[in-house]
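In this note's numbering, the protein residues as written are 198 to 391.
We put the CB at the ideal spot given by N, CA and C, even for glycine.
These notes concern the structure reproduced below.
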Ligand SMILES: Cc1cc2nc3c(=O)[nH]c(=O)nc-3n(C[C@H](O)[C@H](O)[C@H](O)COP(=O)(O)O)c2cc1C
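Take a look at the structure:
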């Protein structure tokens, strides 16, 4: 059975997360269409720490000596092995919550998710597709730095296709939130109807 790795970066803002709602709507269809099981990493519950001088030095030594089975590389192995990757993150400060960046610091491990060759970096991830779900208070427009970063990371990891689904304008005064959310769900329906 294929595996969908669901990376949940929906840090709660005191209300049920609209991004998580959209992600669940999407995941149900992806799991059905691909006959996959879902494995979730809830970043709001993991005890993830940014790399610092000490942990970076230890990690570099482990990577250099190919000690790749240490627990610290667990996230990288999970990401490398998944058949599909789904990331859900609210649009924060033109990007996404920093916990997601910390997660990718941990997955960006040479020899696990990518490697260096004489022709440059080459991806080692199995997944051919990453999906990104988000919701935004305003309009994302050209300031889509979170998704742009993830697309770059997919190039590095060897994940060929990315797709984003978003509901925008949710915090604009008098916004019709239900319509914006429904519109995003219809786009998901259309995607799977293709
Ligand atoms: C810390 C923080 C930063 C945010 N930054 C932005 C922003 O830069 N642009 C924007 O349009 N909305 C911004 N918003 C609004 C969120 O994108 C919006 O409320 C989103 O729907 C939250 O998703 P959620 O319901 O899953 O929590 C921000 C919200 C928070 C809490």
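Exercise. Hey, how far is the Cα of residue 248 from the Cα of residue 320?
Worked result: Straight-line Cα distance between these residues: approximately 22 Å.
Problem set entry | Nearest neighbour of residue 361, chosen from 231, 343, 355 [CA to CA] | Ranking 231, 343, 355 by Cα distance to residue 361 puts 343 first.
Exercise. Exposed or buried, residue 325, counting other C-beta atoms within 10 Å across all chains shown (16 or more means buried)?
Worked result: By the neighbour-count rule (16 or more Cβ atoms within 10 Å), residue 325 is not buried but exposed.
For this session: Indicate the three-state DSSP secondary structure (helix, strand or coil) for residue 268 in the structure shown.
Result: Taken through DSSP and simplified to helix, strand or coil, residue 268 comes out as helix.
Exercise. Taking Cβ positions, are residue 303 and residue 354 nearer each other than 8 Å?
Worked result: The Cβ atoms of residue 303 and residue 354 lie no closer than 8 Å to each other.
Exercise. If residue 260 sits next to residue 220, beta carbons under 8 Å apart, how far is it from one beta carbon to the other, in whole angstroms?
Worked result: Contact flag wrong, Cβ pair sits at about 31 Å.
Problem set entry | DSSP bridge partner residues for residue 202 (one or two, in chain order) | Answer is 236, 282.
Exercise. Taking DSSP as the reference, what is the three-state secondary structure of residue 317?
Worked result: Residue state, collapsed to three classes: strand.
For this session: Consult DSSP for residue 224 and reduce its assignment to one of helix, strand or coil.
Result: For residue 224, the secondary structure class from DSSP, reduced to helix, strand or coil, is helix.
Problem set entry | Simplified DSSP assignment, three categories, for residue 275 | In the three-state scheme derived from DSSP, where H, G and I count as helix and E and B as strand, residue 275 is classed as helix.
Exercise. Which parts of the region 306 to 377 are runs of the alpha helix (DSSP H), unbroken and 4 residues or longer, counting only runs that do not cross its ends?
Worked result: Counting whole runs of 4 or more residues, the region 306 to 377 contains the alpha helix (DSSP H) stretches 342 to 354.
Exercise. Is it right to say residue 205 is buried, meaning 16 or more other beta carbons lie within 10 angstroms of its own, or is it exposed?
Worked result: Buried, since its Cβ has 16 or more Cβ neighbours within 10 Å.
Problem set entry | Neighbour-count burial assignment, residue 383, 16 or more Cβ in a 10 Å radius | By the C-beta density criterion, residue 383 is exposed, having fewer than 16 other C-beta atoms within 10 angstroms.
Exercise. For residue 295, is the beta carbon positioned less than 7 Å from some heavy atom of ligand 1?
Worked result: For ligand 1, not one heavy atom lies less than 7 Å from the Cβ of residue 295.
For this session: Might you give, ordered along the chain, the residues of its own chain that have their beta carbon closer than 6 Å to the beta carbon of residue 378, omitting 5 neighbours on each side?
Result: Around residue 378, the same chain offers 364 as residues with beta carbons nearer than 6 Å, after the five sequence neighbours per side are excluded.
For this session: Return no unless some Cβ of chain D is closer than 8 Å to the Cβ of residue 337.
Result: The chain inventory of the structure shown lacks chain D, comprising one protein chain alone.
Exercise. In whole angstroms, what is the alpha-carbon distance linking residue 314 and residue 352?
Worked result: Distance between the alpha carbons of residue 314 and residue 352 is about 14 Å.
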